Amino acid sequence: MQFASSDSLLFVLGLAAGPVVFLLILFGVNHLLAPRSQADTKLEAFECGIPQGGSPWRPVNIRFSTIALLFVIFDAEAVLLFAVAPGVRGSVIGAIEVGSFAIFLAFGLYYAWGKGALRWPS
Numbered sequence: 006m007q008f009a010s011s012d013s014l015l016f017v018l019g020l021a022a023g024p025v026v027f028l029l030i031l032f033g034v035n036h037l038l039a040p041r042s043q044a045d046t047k048l049e050a051f052e053c054g055i056p057q058g059g060s061p062w063r064p065v066n067i068r069f070s071t072i073a074l075l076f077v078i079f080d081a082e083a084v085l086l087f088a089v090a091p092g093v094r095g096s097v098i099g100a101i102e103v104g105s106f107a108i109f110l111a112f113g114l115y116y117a118w119g120k121g122a123l124r125w126p127s
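In terms of the working numbering, the sequence shown opens at residue 6 and continues consecutively.
See the structure below:
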């Protein structure tokens, strides 16, 4: 029985070490084959072949963060609702739980709407 557990341990260690060794080999091959020249154009910011319009270090407009946060919340809601839908079929308690979850998030949307988080200043 001791022999079987050592085989299992070696198998798990091999599963952990395999990807690490593979990545080290890939990084080594990349280091050997990558070009070494550092031209000025290579160090410039690149966006779809269009010349850079301004400094890349300008501050980010904070109004995007609220919209992004609301998107993430309601995207997660959609994913969770699709995930629990098969388990709710035929279950009144499950339907009540999912409905209360959706109503709770709807109240969050109503609150954000009331606070003006969805208004886009121009």
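Every residue, glycine too, gets a C-beta built ideally from N, C-alpha and C.
Since the model is a prediction, treat every value here as computed from it, not as a measurement.
Taking a contact to mean a Cβ-Cβ separation below 7 Å, would you say V93 touches V77 in this structure?
As a working mapping, residue 93 is identified with position 88 in the sequence shown. As a working mapping, residue 77 is identified with position 72 in the sequence shown. Going by C-beta atoms, V93 is not nearer than 7 Å to V77.
DSSP-derived helix/strand/coil call for I55
Numbered from its first residue, the sequence shown carries residue 55 at position 50. Shown here, I55 sits in a strand according to DSSP, grouped into three states.
With a floor of 4 residues, list each alpha helix (DSSP H) that falls wholly inside the segment 22-100, ordered by position along the chain.
Note on the segment 22-100: whole alpha helix (DSSP H) runs with a minimum of 4 residues are 45-48 and 68-93, in chain order.
Near L110, which residues of its chain fall below 6 Å by C-beta distance, leaving aside the five closest residues on each side in sequence?
Start at 1 with the first residue of the sequence shown, and residue 110 comes out as number 105. The residues are E82.
DSSP on L20, reduced to helix/strand/coil?
Within the sequence shown, residue 20 is the residue found at index 15, counting from 1. In the structure shown, L20 sits in a helix (DSSP, three-state: H, G or I).
Tell me whether L123 sits in a helix, a strand or coil according to DSSP, three-state version.
The count along the sequence shown starts at 1 and reaches residue 123 at position 118. DSSP places L123 in the coil class of the three-state scheme, outside both helix and strand.
CA nearest to the CA of S70, picked from A122, I101 and S42
Residue 70 sits at position 65 when you count from the first residue of the sequence shown. Taking each of A122, I101 and S42 in turn and checking the Cα distance to S70, the smallest one comes out for A122.
Since L86 and A117 are thought to touch, with beta carbons under 8 Å apart, how far apart are those beta carbons, to the nearest angstrom?
Counting from 1 along the sequence shown, the entry for residue 86 is found at position 81. Counting from 1 along the sequence shown, the entry for residue 117 is found at position 112. In fact, because the Cβ distance is near 19 Å, the residues do not count as touching under 8 Å.
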